[in-house]
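Colleague: According to this note's numbering, numbering within the first sequence proceeds without interruption in unit steps and concludes at 817.
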Amino acid sequence: MRNHDYNPAEVEKKWQKNWNASNLYTVPEKPNGKKFYILDMFPYPSGEGLHVGHPKGYIATDVVARFKMLNGFSVLHPMGWDAFGLPAENYAIKNKVHPRMAVEKNVARYKQQLEKFGFTYDWNREIDTTDPNYYKWTQWIFLQMWEKGLAFQSNEPVNWCPSCKTVLANEDLEDGKCERCGSEITQRPLRQWVLKMTDYADRLLYDLDSDEIDWEEMIVEQQRNWIGRSEGVEIDFAIEDSDSLFKVYTTRVDTIFGCTYCVIAPEHKLIEELQGQIENYSEVMEYIALANKKTVLQRTELQKEKTGVELKGIKAINPFNNEEVRVFVGDYVLGSYGTGAVMAVPAHDERDYEFAKKYCLEIRKSIDVGGRDMEDGAITEDGIVIDSADYSGLTSSEARKRMADWLERNGKGGLKVNYKMRDWVFSRQRYWGEPIPLVHCEKCGIVGIPESQLPVVLPNVKSYEPTDTGESPLAAITDWVNTTCPTCGGPAKRETNTMPQWGGSCWYYLRYIDPKNENSLIDADKEKDWMNVDLYVGGAEHATRHLLYARFWHKFLFDIGVVTTKEPFHKLMHVGLIMAEDGRKMSKRWNNVVNPDDVISAYGADAMRTYEAFMGPFTQAIAWSTNGVIGVRRFLDRVWRLQYKIADIETDIKLNKLAHQTIKKVSSDIENFRFNTAVSTMMILMNELERQTTVSRELYKNLLLLLAPFAPHITDELWERLGNKESIFKSSWPEYSESIANQEDDLFAIVVQVNGKVRDQLEITAGTTKEDIERLALASEKIQKFISGQTIKKIVYVEKKLVSIVV
RNA sequence: GCCGUGGUGGUGGAAUUGGUAUACACGACAGACUUAAAAUCUGUUGAGGGUAACUUCAUGAGGGUUCGAGUCCCUCCCGCGGCACCA
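#1: Leaving out five residues before and five after residue 563 in sequence, what residues of the same chain have Cβ atoms less than 6 Å from its Cβ?
#2: With a floor of 4 residues, list each alpha helix (DSSP H) that falls wholly inside the region 165-241, ordered by position along the chain.
#3: Can you give the Cα-Cα distance for residue 466 and residue 575, rounded to whole angstroms?
#4: Looking only at its own chain, which residues have a Cβ that is under 8 Å from the Cβ of residue 595, when we skip the five neighbours before and after it?
#5: Go ahead and label residue 431 buried or exposed: buried means 16 or more other beta carbons lie within 10 angstroms of its beta carbon, across all protein chains shown.
#6: Decide if the region 710-728 is in contact with the region 739-750; the criterion is three or more beta carbon pairs, one per stretch, under 8 Å apart.
#7: Taking the beta carbon of residue 650 as the centre, do at least 16 other beta carbons fall within 10 Å, making it buried, or is it exposed?
#8: Using only alpha-carbon positions, find the residue among 127, 728, 606 that is nearest to residue 648.
#9: Is residue 336 helix, strand or coil by DSSP?
#10: Using the beta-carbon count (16 or more within 10 Å), is residue 777 buried or exposed?
#11: According to DSSP, simplified to helix, strand and coil, what is residue 743?
#12: As a quick exercise: from 28, 123, 33, pick the residue whose alpha carbon is nearest that of residue 59.
#13: Please identify the residue among 108, 89, 121, 142 whose C-alpha is closest to the C-alpha of residue 132.
#14: Take residue 334 as the anchor and find which of 585, 658, 394, 272 has the nearest alpha-carbon.
#15: Ends of the beta strand (DSSP E) at residue 50?
#16: Within the same chain, show all residues whose beta-carbon is closer than 8 Å to that of residue 191, passing over the 5 residues directly before and after it, in chain order.
#17: I'd like the span of the beta strand (DSSP E) that includes residue 793, first residue to last.
#18: May I ask you to verify whether the region 534-550 touches the region 56-71, counting CB pairs closer than 8 Å and requiring at least 3?
#19: Within a Cβ cutoff of 8 Å, which residues of the same chain sit near residue 363, ignoring the five residues on either side of it in sequence?
#20: Could you give the uninterrupted runs of the alpha helix (DSSP H) lying entirely in the region 471-556, keeping only those of 4 residues or more?
#21: Work out the CA separation of residue 492 and residue 266 for me, nearest whole Å.
#22: Residue 772: which of 523, 780, 758, 31 sits nearest, CA to CA?
#23: For residue 815, which residues does DSSP report across the bridge?
#24: Output needed for residue 629: all residues of its chain with C-beta closer than 6 Å, excluding positions within five of it in sequence on either side, in chain order.
#25: For residue 52, which of 705, 514, 723 has the nearest alpha-carbon?
#26: Any idea if residue 482 is buried or exposed, counting beta-carbon neighbours within 10 angstroms, 16 or more meaning buried?
#27: Here's a check: name, in chain order, each residue in its chain whose Cβ is nearer than 6 Å to the Cβ of residue 321, leaving out the five neighbours to either side.
#28: Considering just the uninterrupted stretch of the alpha helix (DSSP H) at residue 20, what are its terminal residues?
#29: Taking the beta carbon of residue 165 as the centre, do at least 16 other beta carbons fall within 10 Å, making it buried, or is it exposed?
#30: Quick check on the burial criterion: 16 or more other C-beta atoms within 10 angstroms. Buried or exposed for residue 600?
#31: Within the chosen definition, does the region 438-445 reach the region 458-477 through at least 3 CB pairs nearer than 8 Å?
#32: If you draw a straight line from the alpha carbon of residue 643 to that of residue 241, how long is it in whole angstroms?
#33: Under 7 Å Cβ to Cβ from residue 238, same chain only, skipping five residues before and after it: list those, please.
#34: Any chance you could list the alpha helix (DSSP H) runs of at least 4 consecutive residues sitting entirely within the region 595-629, in chain order?
#35: Cutting at 8 Å between CB atoms, please list the residues of its own chain near residue 731, excluding the five before and the five after it.
#36: Helix, strand or coil for residue 641, going by three-state DSSP, please let me know.
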């Protein structure tokens, strides 16, 4: 037992009740004055419940939200649930219940846990992506994309997870494995719905630099890498004795006089086209069959030896020198990037070099980098072009320009931009997702469901089990599948694929602004009032998934006039992970998970909130420390006890100065996400106040206000004990005076250095001249010890800081 | 390999424009209170040397610029994250 009367459980319960009763968090429809939209990445409510790492970001946004409230902003700080997806579905399969049951149970548990923290969420705006009233609009957006030709069907080979039994997007792969279950992914041709995200590649890239975006460099860089823009040229290579040709893509056209062969991907359509001309067709087909059997991992990840088979009887013509070159099929060339074919320049490309060595192909140098030769491998840097007809003697970059010009003038190719990012494979063969709102009509073809008939509600099925057929479990519900065409009224079949996990989260931030609108996705005026999101906080793992997808959808919504901002999220901060006390990730597997419920019942929500703010830089991964929570709890205990020292006295001048400095520092630290130093600054003020026998009411008030965003319950309680009738959050953030914060002290310390080393410290009275200070410094006994008998070369004086003597 | 980011006590971490390195907190040690413990409070705590005044050395390593470098420049080493057979 502690020997004082601070009981967090009691205080926290009381104030949570009070705040709810007084609708403290109810956000006005229209902002009163300045608005601030602050958003957390909404959670997927899993069966595990929260561990102490999850709320770290929510605590940060709550600190900022309360800070902004106190500064007079209308703050929108909502919360909801991203509840479609595999875990709920797998739970349903295992327990033979509807996934809805799992979602409801988990949402209730999450909500109960979150409520203990006293977050400022306006629960009137809660949303759930699996609610038909919500996914109606997810389907609506899909239909708009489909109408604009941005959603299309494809039969190309796609990533297939044999364990989840569904297709995956490139973004869902991790090292060639399923991000969810770790199974190796295979390529399988299947009918799919694909969103043409590549149409937006340039805007997704360039707008990262626009004023609307103020993100951490790390996340911006990840998106740039993922989009992977590259500038090069496409070149037509004609086939000898044939009308066929194939295009190659290269960023190093300056090396083309060193091209000694070409390689095409196993998927390349040329092979079928030239079937009659390829002398070793069966050998080639064998090679392709072998390549197709490889998983994504085997084909891309391993630094394996390069293999290939020559297309015998086929010669390609290099348009620059009309030379015949041999053509190979090799699986080191990717069918899905560029043109699926490359010109090989073994002298200046490492992969081509390796391949040429293996198959004894000619290696011809066409770039000189100053004498160095290719004994150890290819020369891949830029240099001076040699043995390249008229281009010889040019620099690489100049040659690239002129060669591209030549290609364009002669109709043999030209400049071309390529992206690593692919279109988004948007359909899944699973049950628990938004149905794609289309029907296949025998007469009319593919028909969109009219807006008036949305949502297409997910039907109940007997079994949620996925199938191996590439069809979703919905395909088995014939009652549902067989429908009538909205256009002609004739028989039609519903699309049975569902949307991926990431669909609903692409636009949820808009719905919070107008959650109950039945007539449109969002009211235009409200959108203008509240968008865009001023601050967005969540995990860095979403850099190339959710954050990319949401930007893509937002830009589309901008194009069709639903939103007025080009970007959805202005400032973005990523939360650093909280590791377990043993330094590993928190996981059931290691049995090192700390449950926030336990921490809160032992030390209080305020202590936990303040600790997570204090533990270190926000974006950094840091290990949990229960002792750290105890330390912060001691701090709160002392703030509590300080109430008994309050007296109606004049505020001491020195303390007042410290208080103003603290206000200034805490304000700027909150704005800049430096919560750790904000807390330590308050601790310093607290330590100072504790040394006093009495503390002025004004100082205490200010301390409570500064602490309120971090520890809202205890501060509101103490605020009330000061005699205030209204919540501390109805009050306003203390202002600081620059002149008080920077007030000159009567005495200040000056450091005296000799040759850069600190040798003495002088107490100087305000107003002393530079000359006098220098004289005092030289006169000091300690200094004399170091300078006597030596010549003084120079004296540097830094105002109010130091005197540096050079001997 | 390319890109980004970081390296400071026993631990988490502080440090405006280059200006007293190690704030704040944890842990540890000693003391007060207590029958005792917990809680609380007080003091000490970068490392080495010295009874002490004091002094030397320390911000991943090595150089450089400067009166003065955790901070700026060069060359390395290591950790973390992203991309990667992307032509």
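The beta carbon of each residue, even a glycine, is placed where N, CA and C say it ideally should be.
Modeller: On the basis of the supplied data:
#1: Once the five neighbours on either side are set aside, the close Cβ partners of residue 563 are 516, 517.
#2: Runs of the alpha helix (DSSP H) inside the region 165-241: 211-216, 227-237.
#3: Using only the alpha carbons, I get a separation of about 29 Å.
#4: Here the set comprises 587, 589.
#5: Burial state of residue 431 is buried, judged by a 10 Å Cβ sphere holding 16 or more other Cβ atoms.
#6: Cβ pair count under 8 Å is three or more, so yes.
#7: A residue is called buried once 16 or more other Cβ atoms fall within 10 Å of its Cβ, and residue 650 is buried on that count.
#8: Nearest of 127, 728, 606 to residue 648, Cα basis: 728.
#9: Strand at residue 336.
#10: Looking at its Cβ environment, which holds fewer than 16 other Cβ atoms inside 10 Å, residue 777 is exposed.
#11: The answer is coil: DSSP assigns residue 743 none of H, G, I, E or B.
#12: Residue nearest to residue 59 within the set 28, 123, 33 is 123 (criterion: CA-CA distance).
#13: The shortest Cα separation from residue 132 among 108, 89, 121, 142 belongs to 89.
#14: Checked all of 585, 658, 394, 272; the closest Cα to residue 334 is 272.
#15: Annotation: the continuous beta strand (DSSP E) that includes residue 50 extends over 45-50.
#16: Excluding sequence neighbours, residue 191 sits near 171, 173, 174.
#17: For residue 793, there is no enclosing beta strand (DSSP E); the enclosing alpha helix (DSSP H) covers residues 791-797.
#18: Between the region 534-550 and the region 56-71 there are three or more C-beta pairs closer than 8 Å, enough to call the two in contact.
#19: Result list for residue 363: 356, 357, 373, 384, 387, 388, in chain order.
#20: The alpha helix (DSSP H) runs of length 4 or more contained entirely in the region 471-556 are, from start to end of the chain, 488-491, 518-521, 534-540.
#21: Going by the C-alpha atoms only, they are around 57 Å apart.
#22: Ranking 523, 780, 758, 31 by Cα distance to residue 772 puts 758 first.
#23: DSSP links residue 815 through a beta bridge to 764, 805.
#24: Taken in chain order, the residues that qualify are 584, 586.
#25: Considering only alpha carbons, the answer is 514.
#26: In summary, residue 482 is buried, with 16 or more beta-carbon neighbours lying within 10 Å of its beta-carbon over all protein chains present.
#27: Within the same chain, 288, 337 come within 6 Å of residue 321 by CB-CB distance, once the 5 residues on both sides are set aside.
#28: Per DSSP, the continuous alpha helix (DSSP H) segment holding residue 20 begins and ends at 18-31.
#29: The C-beta of residue 165 has fewer than 16 other C-beta atoms within 10 Å across all chains shown, which makes the residue exposed.
#30: Around the beta carbon of residue 600, a 10 Å sphere encloses fewer than 16 other beta carbons of the protein chains shown; the residue is thus reported as exposed.
#31: Three or more Cβ pairs closer than 8 Å define a contact, and the region 438-445 meets that threshold against the region 458-477.
#32: Between residue 643 and residue 241, the C-alpha separation is close to 57 Å.
#33: Cβ within range, chain order: 429, 430, 431.
#34: Fully enclosed alpha helix (DSSP H) runs of 4 or longer: 606-613, 615-624.
#35: Counting only residues of its own chain and dropping the five nearest sequence neighbours on each side, residue 731 has a CB closer than 8 Å to the CB of 653.
#36: If DSSP states are grouped into helix, strand and coil, residue 641 belongs with the helices.
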